[in-house]
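*Asks:* Shown below is the structure under consideration.
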Amino acid sequence: MLKNKVAIITGGTRGIGFAIAQAFLKNGAKVAVLGSRKETVDNALSKLKSENSSWEVMGLYPDLTDYSAVEAAFKTISEKFGGIDILVNNAGISAREPIEAYEPDAFKKIMDLNVTAVFNGCKAAVPFMKEKGGSIINTSSMVAKFGQQSGVGYPASKFAVNGLTQSLARELGKYNIRVNAVAPGVTRTDMVASLPEEMVARVAAGIPLGRVGEPEEVANAFLFLASDMASYISGAILAVDGATVN
Ligand code: NAD
Numbered sequence: 112m113l114k115n116k117v118a119i120i121t122g123g124t125r126g127i128g129f130a131i132a133q134a135f136l137k138n139g140a141k142v143a144v145l146g147s148r149k150e151t152v153d154n155a156l157s158k159l160k161s162e163n164s165s166w167e168v169m170g171l172y173p174d175l176t177d178y179s180a181v182e183a184a185f186k187t188i189s190e191k192f193g194g195i196d197i198l199v200n201n202a203g204i205s206a207r208e209p210i211e212a213y214e215p216d217a218f219k220k221i222m223d224l225n226v227t228a229v230f231n232g233c234k235a236a237v238p239f240m241k242e243k244g245g246s247i248i249n250t251s252s253m254v255a256k257f258g259q260q261s262g263v264g265y266p267a268s269k270f271a272v273n274g275l276t277q278s279l280a281r282e283l284g285k286y287n288i289r290v291n292a293v294a295p296g297v298t299r300t301d302m303v304a305s306l307p308e309e310m311v312a313r314v315a316a317g318i319p320l321g322r323v324g325e326p327e328e329v330a331n332a333f334l335f336l337a338s339d340m341a342s343y344i345s346g347a348i349l350a351v352d353g354a355t356v357n
């Protein structure tokens with residue numbers, strides 16, 4: 112589905128991002144995995160290489176909140192792989208603090224990674240995609256429908272991701288750059304592993320499909336949106352949440 116395409120995946124070292132990297136590589140893309148540290152990036156690259164040594168994959172760890180660092184990383188990737196066709200802005204952190212315990216610095220930090228880094232990625236990708244089109248996919252969340260009971264920075268950041276997605280879909284359509292988001296429900300990654308098991312079970316019981324999602328199931332939605340199968344889809348926020356209602 113992605114033969115000869117070059118894809119960048121932020122937060123590609125584990126969880127949903129790592130599953131997206133696997134799906135894209137299996138479907139013929141060359142993939143650049145971006146993470147926060149050299150060790151985690153090296154670890155992800157060696158896992159992918161051991162799965163299939165012929166996969167074309169590279170890794171970098173720019174500070175995603177620093178536009179110049181992102182721009183430089185994209186230039187390096189384009190030089191090595193011959194352009195950029197797909198960008199997945201997936202790196203993100205969550206929050207659960209109630210407002211009275213929520214430090215202003217923590218709110219700024221979540222906005223920097225979950226929102227500003229998405230802006231940085233989109234802005235840095237446009238020059239590479241302008242001539243021949245491209246696909247940008249942002250990782251939103253189901254909380255951008257409902258909000259959540261505490262940790263207001265997280266839903267606020269994901270509502271902003273939806274805003275970036277829908278606005279840039281309108282702005283960049285003229286270049287045939289499609290901009291979409293995937294909004295996962297509760298998905299079995301480290302982000303969820305940090306929650307108490309009974310909380311996960313309670314959540315699963317309230318999901319119409321009766322279970323939490325697997326990273327591979329979420330990755331399939333990214334694969335579809337990245338591919339030419341979705342050539343007339345832009346500005347969509349695709350829920351992958353087992354019909355979670357709240
Ligand atoms: P995870 O914690 O397993 O992975 C997060 C990824 O982001 C890692 O690759 C990590 O390296 C990267 N990252 C974290 N901080 C970073 C930083 N400062 N700079 C660069 N990279 C950084 O999380 P996940 O569950 O796979 O989440 C991936 C995305 O999916 C996030 O945007 C998250 O908000 C979203 N999401 C997750 C769930 C879920 O239930 N797991 C649900 C909805 C949305």
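Going letter by letter, the sequence shown gives residues 112 to 357 in my numbering.
Yeah, the Cβ is synthetic: ideal placement off N, Cα and C, and Gly gets one too.
1) If you follow the alpha helix (DSSP H) that Arg289 is part of, which residue opens it and which one closes it?
2) Who are the Cβ neighbours of Leu156 in its own chain at under 8 Å, not counting the five residues just before and after it?
3) Quick one: measure Cβ to Cβ for Ala332 and Val351, integer angstroms, because I've assumed they're closer than 8 Å.
4) Short of 6 Å in beta carbon distance, which residues of its chain neighbour Arg289, apart from the five on each side in sequence? Order them along the chain.
5) Under DSSP, the beta strand (DSSP E) around Asn163 begins and ends at which residues?
6) Quick test of your reading: Val297 and Val272, contact by CB under 8 Å. State the CB separation rounded to the nearest angstrom.
7) Can you say whether Met240 is buried or exposed, counting buried as having 16 or more other CB atoms within 10 angstroms of its CB?
8) So is Val356 buried or exposed if we call it buried at 16+ other beta carbons inside 10 Å?
9) Using only the alpha-carbon positions, how far apart do Gly194 and Val229 sit?
10) Could you round the C-beta distance between Val237 and Leu283 to whole angstroms and report it? I think they count as a contact, below 8 Å.
11) Across which residues does DSSP place Val117 in a beta bridge pair?
12) Taking all protein chains shown into account, decide if Gln133 is buried (16 or more other Cβ within 10 angstroms of its Cβ) or exposed.
13) Can you tell me whether Met340 is helix, strand or coil according to DSSP?
14) Report back the beta-carbon spacing between Ser147 and Tyr178 to the nearest angstrom; my notes put them in contact at under 8 Å.
15) Give me the Cα-Cα distance between Glu308 and Thr176, rounded to the nearest whole angstrom.
*Replies:* Once the coordinates are examined:
1) Here residue 289 refers to the residue found at position 178 when the sequence shown is read from its first residue. It is not in any alpha helix (DSSP H) - Arg289 instead sits in the beta strand (DSSP E) that spans 288-295.
2) The residue labelled residue 156 in the question sits at position 45 within the sequence shown. Excluding positions up to five away in sequence, the list reads Val144, Val168, Met169, Gly170.
3) Numbered from its first residue, the sequence shown carries residue 332 at position 221. Numbered from its first residue, the sequence shown carries residue 351 at position 240. A Cβ-Cβ separation of about 5 Å places Ala332 in contact with Val351 under the 8 Å criterion.
4) Counted from its first residue, the sequence shown places residue 289 at position 178. Sequence-distant partners of Arg289 (beyond 5 residues in either direction) whose C-beta falls short of 6 Å from its own C-beta, in its chain, are Ser246, Ser345.
5) Taking the sequence shown and counting its residues from 1, the one referred to as residue 163 is at position 52. Per DSSP, Asn163 is not a residue of any beta strand (DSSP E), being assigned neither H nor E.
6) Locating residue 297 in the sequence shown gives position 186, counting from the first residue. Locating residue 272 in the sequence shown gives position 161, counting from the first residue. For Val297 against Val272, the beta-carbon gap comes to about 17 Å, at or over 8 Å, which does not count as contact.
7) Against the sequence shown, residue 240 aligns to sequence position 129. Looking at its Cβ environment, which holds 16 or more other Cβ atoms inside 10 Å, Met240 is buried.
8) Stepping through the sequence shown from its first residue, residue 356 is reached at position 245. Here Val356 is exposed: its Cβ has fewer than 16 other Cβ atoms, across all protein chains shown, within 10 Å.
9) Position 83 of the sequence shown, counted from the first residue, corresponds to residue 194. Position 118 of the sequence shown, counted from the first residue, corresponds to residue 229. Val229 has its alpha-carbon roughly 19 Å from the corresponding atom of Gly194.
10) Working through the sequence shown from its first residue, we reach residue 237 at position 126. Working through the sequence shown from its first residue, we reach residue 283 at position 172. Confirmed, about 7 Å.
11) Within the sequence shown, residue 117 is the residue found at index 6, counting from 1. Its beta-bridge partners are Lys141.
12) Translated into positions along the sequence shown, residue 133 becomes position 22. By the neighbour-count rule (16 or more Cβ atoms within 10 Å), Gln133 is buried.
13) Within the sequence shown, residue 340 is the residue found at index 229, counting from 1. Helix, per DSSP.
14) Against the sequence shown, residue 147 aligns to sequence position 36. Against the sequence shown, residue 178 aligns to sequence position 67. The pair is not a contact, with the Cβ atoms about 17 Å apart (cut-off 8 Å).
15) Here residue 308 refers to the residue found at position 197 of the sequence shown. Here residue 176 refers to the residue found at position 65 of the sequence shown. Distance between the alpha carbons of Glu308 and Thr176 is about 33 Å.
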